[in-house]
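Worksheet: one structure, shown below.
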Amino acid sequence: MPGQQMSIDADLNMGFIDQAEAQRRRKNIEKEAGFYGAMDGASKFVKGDAIAGIIILLINIIGGLVIGVMQHKLPWAQALKTYSLLTIGDGIVTQVPALIIAVGTGIIVTRSASDGNLSQEVLRQITSFPKTLLLVGAALTGLLFFPGIPALPTLVLIAVVATVAWVVYRNASNSAEDGTAPADAQDAAQPADAAQKGEDDPYASLQVEPIEVHVGSEWAALVSQPGSVLMDRIATFRKQHAQDLGLVLPRVRFKDVARLGQDRYEIHIDGVVCGRGEARADRLLAIHPTGRTDGMPGEPTRDPTYGLPALWIEEHQRAAATVAKFTLVDAPTVFMTHLTEVLRRESATLLTRAEVDRLLNRVRQNQASLVEELIPTVLSVSD
1 MPGQQMSIDA
11 DLNMGFIDQA
21 EAQRRRKNIE
31 KEAGFYGAMD
41 GASKFVKGDA
51 IAGIIILLIN
61 IIGGLVIGVM
71 QHKLPWAQAL
81 KTYSLLTIGD
91 GIVTQVPALI
101 IAVGTGIIVT
111 RSASDGNLSQ
121 EVLRQITSFP
131 KTLLLVGAAL
141 TGLLFFPGIP
151 ALPTLVLIAV
161 VATVAWVVYR
171 NASNSAEDGT
181 APADAQDAAQ
191 PADAAQKGED
201 DPYASLQVEP
211 IEVHVGSEWA
221 ALVSQPGSVL
231 MDRIATFRKQ
241 HAQDLGLVLP
251 RVRFKDVARL
261 GQDRYEIHID
271 GVVCGRGEAR
281 ADRLLAIHPT
291 GRTDGMPGEP
301 TRDPTYGLPA
311 LWIEEHQRAA
321 ATVAKFTLVD
331 APTVFMTHLT
341 EVLRRESATL
351 LTRAEVDRLL
361 NRVRQNQASL
371 VEELIPTVLS
381 VSD
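Each residue of the sequence shown is one higher than the last, beginning at 1 in UniProt numbering.
Rendered as structure tokens:
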């Protein structure tokens, strides 16, 4: 479950899914957790009842043989036949309550993950799959070939089940022709509809994220991993930024852009490029305090944050670079330093009217009279 939650958060941060799709997936995980929790407790109860039934059967047949042979002086064959039949009959009678309990347990388990009415939920689950009803009808038809089965009640049950299956199948066919679908099918098709909506709706392409980072393929794979260290560092920075400046930054979205190659990235604020750079995931950035780069083999570059001369070196050169007084920075730190500086510099741009409204609403929870006195009589939100 935690892995699925982190996967949803990673997809949301990358922009692969929207907020509505993320909420739908989280709701499905909650249903799944509720189902397994209820199933664990209920199955233990049913398991105990089944074990008790088996023990009772063994006691009946063994005890019956002992009593029949030793007390009633019956032959072994007659005692085995008599008490086996009695044990089977008693076992069937005792297993009927177990069957009822098992059916009730199944209803309770499936009910635990639903918010609807119990009777409506049972009816919906029974009529959701016509093939299941057809299998029940086929099983009832097979019972007619066994001797001793009453024909009239069985035929009535077969007719009822077949009629319900036909009605459900017809309604499902009509829904498919009309372009509508049951609730379960709509939930399953929602991700595809959301994907098509981005193509059909021209306004979807005009939506601009407040903070969006375009990354190459190498970084896209890193940030999309569940439990990404980089995403944790971004979350920590957002909290620290809120404590320092009182401004809660919007969520940082990542977008995989093929034209950037593997290691390059661009930081967009409201659709405008405010910073770009390169961070080699398999290298270290070496920066000397004096700004010199001679005397150390490596790929010349510049620090994307401050523009200082630097080198990209390999991991095996770490010891030599440390001896030469180079400051070594790994790729995630290079990116985070650049991102934090850009966001601090563009904080005024990110303080929008909507963000001011949210801040005022939070202040209104504790200082309602002060906010009502100042806004809008003395100051407006735009001021």
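All residues carry an ideal CB built from backbone N, CA and C; glycine is no exception.
- 8 Å CB neighbourhood of residue 180 in its chain, flanking five on each side removed: Any reading at residue 180 must be qualified, since the residue scores a pLDDT of 48, below 50, and its modelled position is unreliable; no value is offered.
- At which residues does the alpha helix (DSSP H) containing residue 373 begin and terminate? Annotation for residue 373: the continuous alpha helix (DSSP H) segment containing it runs 368 to 374.
- Any idea if residue 146 is buried or exposed, counting beta-carbon neighbours within 10 angstroms, 16 or more meaning buried? With a 10 Å radius around the Cβ and a threshold of 16 neighbouring Cβ atoms, residue 146 comes out exposed.
- Message: Restricting to Cα atoms, I'd like to know which of 56, 61 and 211 is closest to residue 81.
- Response: The shortest C-alpha separation from residue 81 is found at 61.
- Task: Return the CA-CA distance between residue 339 and residue 252, expressed in angstroms with no decimal places.
- Result: Residue 339 and residue 252: Cα-Cα distance of roughly 10 Å.
- Query: Leaving out the 5 sequence neighbours to the left and right, which residues in its chain are closer than 8 Å to residue 190 when beta-carbon positions are compared?
  - Reply: Legend: pLDDT at residue 190 = 48, less than 50; position of this residue unreliable, no value from coordinates given.
- Task: For the beta strand (DSSP E) containing residue 273, list its first residue and its last residue.
- Result: Start and end: 272 to 278.
- Message: For residue 315, which residues in the same chain have their Cβ closer than 7 Å to its Cβ, ignoring the five residues on either side in sequence?
- Response: The answer, listed in chain order, is 284.
- Message: For residue 351 and residue 246, what's the separation of their Cα atoms in angstroms?
- Response: Distance between the alpha carbons of residue 351 and residue 246 is about 10 Å.
- Task: Within its chain, find whatever has a CB closer than 6 Å to the CB of residue 168; leave out the 5 residues flanking it on each side and keep chain order.
- Result: Contacts found: 127 and 130.
- Task: Within its chain, find whatever has a CB closer than 8 Å to the CB of residue 185; leave out the 5 residues flanking it on each side and keep chain order.
- Result: Summary for residue 185: the model assigns pLDDT 44, below 50, so the residue's position carries little reliability; its value from the coordinates is reported in the next sentence. There are no such residues.
- Query: Around the C-beta of residue 301, are 16 or more other C-beta atoms found within 10 angstroms, so that it is buried, or is it exposed?
  - Reply: Burial call: buried.
- Message: Three Cβ pairs or more, each shorter than 8 Å: is that satisfied between the region 274 to 292 and the region 316 to 326?
- Response: Counting C-beta pairs with one atom in each stretch, the region 274 to 292 and the region 316 to 326 have three or more that are closer than 8 Å, which means they touch.
- Message: Please identify the residue among 263, 364 and 239 whose C-alpha is closest to the C-alpha of residue 222.
- Response: Among 263, 364 and 239, the Cα nearest to that of residue 222 belongs to 263.
- Query: Going by other Cβ atoms of all chains shown within 10 Å of its Cβ, with 16 needed for buried, is residue 196 buried or exposed?
  - Reply: Unreliable positioning characterises residue 196 in this predicted model, as indicated by a pLDDT of 47, which lies under 50. The coordinate reading is nonetheless provided below. Looking at its Cβ environment, which holds fewer than 16 other Cβ atoms inside 10 Å, residue 196 is exposed.
- Query: To the nearest angstrom, how far is it from the Cα of residue 95 to the Cα of residue 50?
  - Reply: The alpha-carbon separation between residue 95 and residue 50 amounts to approximately 8 Å.
- Message: Quick check on this structure: which residue in 370, 86, 255 and 77 has the alpha carbon closest to the alpha carbon of residue 58?
- Response: The candidate whose alpha carbon is nearest that of residue 58 is 86.
- Message: Please state the DSSP three-state secondary structure of residue 74.
- Response: Note: residue 74 maps to coil in three-state DSSP.
- Tell me, to the nearest whole angstrom, how far the beta carbon of residue 331 is from that of residue 281; I am working on the premise that it is less than 8 Å. At roughly 5 Å, the Cβ-Cβ gap stays under 8 Å, so residue 331 and residue 281 are in contact.
- Endpoints, the beta strand (DSSP E) within which residue 384 is located: Residue 384 lies beyond the stretch modelled for the chain, which goes from 1 to 383, so this question has no answer here.
- Query: If we ignore side chains and look at the alpha-carbon of each, how far apart do residue 102 and residue 93 end up?
  - Reply: Roughly 15 Å between the two C-alpha positions.
- Message: Check whether the region 207 to 216 and the region 258 to 275 touch, using three or more Cβ-Cβ pairs below 8 Å as the test.
- Response: They touch, by the three-pair rule.
- Could you tell me the boundaries of the beta strand (DSSP E) in which residue 310 lies? In the DSSP assignment, residue 310 falls within the beta strand (DSSP E) that extends over 309 to 313.
- Cβ-Cβ distance between residue 311 and residue 298 below 7 Å: Yes.
- Query: With a cut-off of 7 Å, does the C-beta of residue 62 fall near any C-beta of chain E?
  - Reply: Among the chains in the structure shown there is no chain E, since it carries only a single protein chain.
- Query: What whole-angstrom Cβ distance do residue 140 and residue 157 have, given they're in contact under 8 Å?
  - Reply: For residue 140 against residue 157, the beta-carbon gap comes to about 5 Å, under 8 Å, which counts as contact.
- Task: Please state if the CB of residue 63 and the CB of residue 79 are separated by a distance shorter than 7 Å.
- Result: Cβ distance not < 7 Å, so residue 79 and residue 63 don't count as in contact.
- Report buried or exposed for residue 307, applying the criterion of at least 16 other Cβ atoms within 10 angstroms of its Cβ. By the 10 Å Cβ count, residue 307 comes out exposed.
- Message: Beta-carbon within less than 7 Å of residue 98's beta-carbon, same chain only, minus the 5 sequence neighbours each way: which residues are those?
- Response: Excluding sequence neighbours, residue 98 sits near 49, 50 and 53.
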